[in-house]
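Worksheet: one structure, shown below.
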Amino acid sequence: MPNLTNESGAVMINSDAAASDIAKIKTAMQELTDAQDAIARLKNGAADMQGSIPTAIVEQCERLEKQISNLNSHLTAAQNLISQTVWKYTEMDAQLAQKIQGGSV
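Quick note, my numbering runs 90 ahead of the 1-based positions in the sequence shown.
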């Protein structure tokens, strides 16, 4: 695991790593969306059929659709948290740099 603090113990934020994580999250979200689309097609096809098996397929598809929706929500929240954290620490770094240049630190 990479060191997340510097020698002084200050938290280090790697914006390149954060961008890489966000890209991976976006890829995962797209794959989930593709799976959700396939499930919707399966559900629609099964809905036109008769019997207990098509009914079970529709019920399972609905369960999977909810799970995928929840996963996408969690991934969106993670993406937002990463972006907000990088922004916050970038702002803090800029403010500290300004204070140092102004001689107030």
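We put the beta carbon where it would ideally sit given N, CA and C, even for glycine.
Nothing here was measured: the structure is a model prediction, and the numbers come from that model.
Euclidean distance between Cα positions of residue i and residue j
{"i": "residue 143", "j": "residue 96", "result": "59 Å"}
{"i": "residue 184", "j": "residue 122", "result": "37 Å"}
{"i": "residue 118", "j": "residue 141", "result": "35 Å"}
{"i": "residue 150", "j": "residue 138", "result": "15 Å"}
Beta-carbon spacing of residue i, residue j below 7 Å
{"i": "residue 110", "j": "residue 176", "result": "no"}
{"i": "residue 158", "j": "residue 120", "result": "no"}
{"i": "residue 155", "j": "residue 190", "result": "no"}
Anticipated Cβ contact below 8 Å, residue i with residue j, distance rounded
{"i": "residue 165", "j": "residue 115", "result": "5 Å"}
{"i": "residue 173", "j": "residue 112", "result": "7 Å"}
Closer than 6 Å: residue i CB and nearest the ligand COA heavy atom
{"i": "residue 116", "result": "In terms of ligand content, the structure shown is empty, and the ligand COA therefore cannot be addressed."}
Inter-stretch contact (C-beta, 8 Å, three-pair minimum) for the region 163-172 and the region 127-137: Touching, no.
Contiguous alpha helix (DSSP H) assignments of at least 4 residues, all confined to the region 105-172: Runs of the alpha helix (DSSP H) inside the region 105-172: 105-137.
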